[in-house]
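To keep things clear, I will list the structure first and then write my remarks on it.
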Amino acid sequence: MKVLLTGSAGFIGSAIARRLEGEGHEVVGVDLMLSSAHGSSEPPEGTLQLDVRDAGSDEWAEALRGVDAVCHQAALVGAGVRVADLPDYASQNDLGTAALLAAMHEAGVDRLVLASSMVVYGEGCYACSEHGPQLPPPRPVAAMEAGDFENRCPACGQALDWELVPEDARLDPRSSYAASKLAQEHYASSWVRQAGAAAIALRYHNVYGPMMPRDTPYSGVAAMFRSSLERGEAPQVYEDGAQVRDFVHVDDVARANVLALEAVVAGGTPRWSAYNVCSGQPVTILDVATRVAEGTGCDIAPQVTGGFRPGDVRHVVASPALAAAELGFTASVSPEEGLRAFATAPLRT
1 MKVLLTGSAG
11 FIGSAIARRL
21 EGEGHEVVGV
31 DLMLSSAHGS
41 SEPPEGTLQL
51 DVRDAGSDEW
61 AEALRGVDAV
71 CHQAALVGAG
81 VRVADLPDYA
91 SQNDLGTAAL
101 LAAMHEAGVD
111 RLVLASSMVV
121 YGEGCYACSE
131 HGPQLPPPRP
141 VAAMEAGDFE
151 NRCPACGQAL
161 DWELVPEDAR
171 LDPRSSYAAS
181 KLAQEHYASS
191 WVRQAGAAAI
201 ALRYHNVYGP
211 MMPRDTPYSG
221 VAAMFRSSLE
231 RGEAPQVYED
241 GAQVRDFVHV
251 DDVARANVLA
261 LEAVVAGGTP
271 RWSAYNVCSG
281 QPVTILDVAT
291 RVAEGTGCDI
301 APQVTGGFRP
311 GDVRHVVASP
321 ALAAAELGFT
331 ASVSPEEGLR
341 AFATAPLRT
């Protein structure tokens, strides 16, 4: 199998490239090497430095020649904290994906694996013990300022219990980044119908592991906790630390991508499908900070600040069932094991 891999020099892309090559597949690596993600790093040998928004160029046509599938990892990530960030997300993620899909069709490449994200769900799934399933609106800022971070049942006011989020859950992006990831999925599903193609979207949960970037907008919360500890500072945990997430190791994410590529090329999945890529072992954010601190061997305890960001969601925890059933993917690295090891793993500077 010959795969064109966008974002190949990135944290996740490089892990996918290693996995593909280790299993005997041919990889054409493409990366724009944005300084916000890569700093001053040089591209790995053989990486084509092309802008995905220019995918109609002759250089892209040559890169796509003879390719069996595209694995599209290139994207601008982060929460999108400023209104001024909106054009960058629309350009890098949405226009870039649309241009790539058009170029793939022109080149006769009709198989795609797309890196999506759990952020397309917004809040996760919730239920009230008395009133059943609920769809909570964004949490009131006044309540969070008063230290109440829970989603509450509109009928009785009690805190809602979180439930696993399946792939057919309501999609409700709540940041500019999240909106761009959902737009990528919509472009891909439209391309599938118009081009008679096939695609899989992999909705990553919180990915961590060796060679994460440090101190950039691309740093995940686990990397930020680690950076604080390396400075001798206590990791700052927002809200009450009880917000629940799923953390999945980058090696597992790479394996999920290879399984998805093999499935979409072989026609073993529906023409358009989306799968959660997660560990299946939920953890609180305070647990994450604690595990990373334990891995460093230092005696600095995380600090729960009570601070918050209005765009954050309370709980979002994925169901791993569909990926296990249709892709044969089950994560092998537990958060407890992986987060402790991450504390001393090499990072990208």
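In UniProt numbering, the protein residues as written are 1 to 349.
Every residue, glycine too, gets a C-beta built ideally from N, C-alpha and C.
Keep in mind that this is a model prediction, so the values were computed, not measured.
Residues that DSSP places opposite residue i in a beta bridge
i: serine 117; result: Tyr204
i: residue 365; result: Here the chain has residues from 1 to 349 only, and residue 365 is not among them.
i: lysine 2; result: Glu26
Member of the options whose CA lies at the smallest distance from the CA of residue i
i: leucine 50; options: Leu32, Ala63, Cys128 and Leu100; result: Leu32
i: serine 180; options: His315, Ile16, Ser8 and Leu95; result: Leu95
i: glutamate 130; options: Pro44, Cys153, Leu112 and Val333; result: Cys153
i: leucine 4; options: Glu26, Gly10 and Ala15; result: Glu26
i: valine 304; options: Arg174, Gln73, Phe225 and Phe247; result: Phe225
i: arginine 193; options: Ser273, Pro320 and Ile16; result: Ser273
i: alanine 155; options: Gln134, Gly10, Gly280 and Ser57; result: Gln134
i: valine 283; options: Glu262, Thr47, Ala318 and Glu230; result: Ala318
i: leucine 112; options: Gly13, Ala69, Glu21 and Val316; result: Ala69
i: glycine 78; options: Val264, Glu21, Pro213 and Thr344; result: Pro213
i: alanine 102; options: Gly56, Gln243, Met144 and Asp85; result: Gly56
Buried or exposed (CB count within 10 angstroms, at least 16 for buried), residue i
i: threonine 330; result: exposed
i: glycine 241; result: buried
i: histidine 186; result: exposed
i: arginine 314; result: buried
i: proline 302; result: buried
i: proline 320; result: buried
i: glutamate 106; result: exposed
i: glutamine 92; result: buried
Secondary structure of residue i, DSSP reduced to three states
i: alanine 198; result: strand
i: arginine 245; result: strand
i: aspartate 251; result: helix
i: valine 283; result: strand
i: leucine 327; result: coil
i: arginine 231; result: coil
i: arginine 348; result: strand
i: asparagine 93; result: helix
i: glycine 307; result: coil
i: proline 210; result: coil
i: arginine 152; result: strand
i: valine 221; result: helix
Exercise. Okay, do the stretch 246 to 259 and the stretch 332 to 345 touch, 3+ Cβ pairs below 8 Å being the bar?
Worked result: yes
For this session: Inspect the CB distances between the stretch 183 to 203 and the stretch 146 to 164 and report whether three or more fall short of 8 Å.
Result: no
Exercise. Does the stretch 295 to 311 touch the stretch 115 to 128, meaning 3 or more C-beta pairs lie closer than 8 Å?
Worked result: In the pairwise beta carbon analysis, the stretch 115 to 128 is classified as not touching the stretch 295 to 311: fewer than three pairs are separated by under 8 Å.
Exercise. Touch check for the stretch 49 to 66 and the stretch 85 to 104: three-plus C-beta pairs under 8 Å?
Worked result: Here the stretch 49 to 66 makes contact with the stretch 85 to 104; the two share three or more CB pairs at distances below 8 Å.
For this session: Would you check if the stretch 142 to 157 and the stretch 226 to 235 touch, i.e. whether three or more CB-CB distances between them fall below 8 Å?
Result: A contact is defined here as three or more CB-CB pairs under 8 Å, and the stretch 226 to 235 fails this definition with respect to the stretch 142 to 157.
Exercise. At a cut of 8 Å, does the stretch 3 to 17 reach the stretch 68 to 79 through at least three beta carbon pairs?
Worked result: yes
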